[in-house]
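Report on the following structure.
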Amino acid sequence: MRSRLALAAALRTVITSIVMKLIDFFAQRLPEASSGTGNRRSNANLAFDSARRAMVERQIRARDVRSPRVLEAMASVPRHLFVSPEYAAEAYSDSPLPIGFGQTISQPYMVAAMADALSLEGHEKVLEIGAGSGYQAAVLSLLAREVIAVESQPALAVAARELLLRLGYQNIRIESGDGTEGWTLDSPNAAPYDAILVTAGAPSIPPPLVAQLSEGGRLVIPVGPSAQQDLVRLVKHDGRTTRESLFACRFVPLVGRYGWPAGAQMQGPNRG
Ligand code: SAH
């Protein structure tokens, strides 16, 4: 059953990739009757728009994510710009993709499900640990008031910051550092956070993240051994937390003071 599902997922990825490449191929060869390259670019954009709509319908709405705000955010962020150009044609496929430095942009469904688990209404200050490409931060920025996203790889942090600026996302700050300590460097503007999302797998829940949650705040984090983690949601009330297990997942390692030691590697394909 598992291998049939895996085969179906792999087939879907290959077919999506071929269709996107064909669309791109024809888009680039359409008659340049009117506006030349502008026309070509808008044809490619139309192809990406329709791939994105299909992604939302088939991979997200068809599963268990029903929040209209989350679906809308997923339909809006141009995921193909957050992966390196050689992966643009696969950007809307049902899988994580490499973003360099051995890291990945999470599978679209995972991005949506984690955003959904944070129950954002629009007024929140959100902390993301593991900014990577900046894609998840872009999605969160459409669901909350402000996003601070911490990334430990300085080169990824710089690239994400530049891209988000170029795309006009104004309520996101990308910071470089060890997010297992949370983010408190520029208080009073930083902690506490109404929601904290960790997008790398942790051996256990880093205590600073719990400390930096506001009253009623939610922490969503993959926790467990490297082979497979549990997506855990913690809610803080009156200084105490309740813990709930959402579903199994597999992420790249959260490396840092309250995470895995440097050099930690996870085997096999990551889902996140
Ligand atoms: N959310 C990202 C993908 C996450 S991949 C996106 O939308 O593209 C996980 C990321 O966590 C990687 O970029 C990795 O470098 C980063 N990471 C790992 N340990 C970290 C730590 N202690 N602090 C901050 N980022 C960390």
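The numbering of the sequence shown is my numbering, which starts it at 190 and goes up by one.
Every residue, glycine too, gets a C-beta built ideally from N, C-alpha and C.
Since we're looking at a predicted model, the values are computed, not measured.
Residue burial classification, residue i (beta-carbon count within 10 angstroms, cutoff 16)
i	result
H269	buried
D305	buried
R350	buried
D375	exposed
A416	exposed
Q257	Per the sequence presented here, residue 257 reads as Pro, with Gln not at that position. Exposed, because fewer than 16 other Cβ atoms sit within 10 Å of the Cβ of P257.
R407	buried
V347	exposed
R241	buried
A222	Note on A222: pLDDT 42, under 50, position unreliable in the model; the coordinate value appears next. It counts as exposed.
P411	buried
S393	exposed
Q359	exposed
L316	buried
G405	exposed
P396	exposed
D383	buried
P414	exposed
S265	exposed
T373	exposed
G371	buried
G390	buried
A400	exposed
A280	buried
Run of the beta strand (DSSP E) containing residue i, from where it starts to where it stops
i	result
E261	Run containing E261: none in the beta strand (DSSP E); it sits in the alpha helix (DSSP H), P257 to S265.
E351	From DSSP, E351 is part of no beta strand (DSSP E) but of the alpha helix (DSSP H) over P343 to R355.
P411	L402 to V412
P297	No beta strand (DSSP E) contains P297, which is instead part of the alpha helix (DSSP H) from P297 to A306.
D419	Q418 to H426
I394	It is not in any beta strand (DSSP E) - I394 carries neither H nor E in the DSSP assignment.
A294	For clarity, residue 294 is Ile in the given sequence; the question names Ala instead. From DSSP, the beta strand (DSSP E) with I294 extends over Q292 to I294.
Cα-Cα separation, residue i to residue j
i	j	result
S273	S239	20 Å
P343	P442	16 Å
E246	T430	34 Å
T369	I337	14 Å
A327	R252	22 Å
A451	S365	16 Å
A301	R439	15 Å
L235	S434	39 Å
Y447	D419	17 Å
F436	L386	15 Å
A262	S330	9 Å
S341	I363	11 Å
L354	L423	31 Å
Residue interval of the alpha helix (DSSP H) (run including residue i)
i	result
Q325	Y324 to S330
Nearest-angstrom Cβ-Cβ length linking residue i and residue j, presumed shorter than 8 Å
i	j	result
K425	L402	4 Å
A333	G311	7 Å
Q292	G321	6 Å
D283	Q248	5 Å
L352	F271	7 Å
V444	R432	Not really, about 23 Å apart at Cβ, beyond 8 Å.
Min CB distance residue i to chain B below 8 Å
i	result
V272	This model lacks chain B altogether; it includes just one protein chain.
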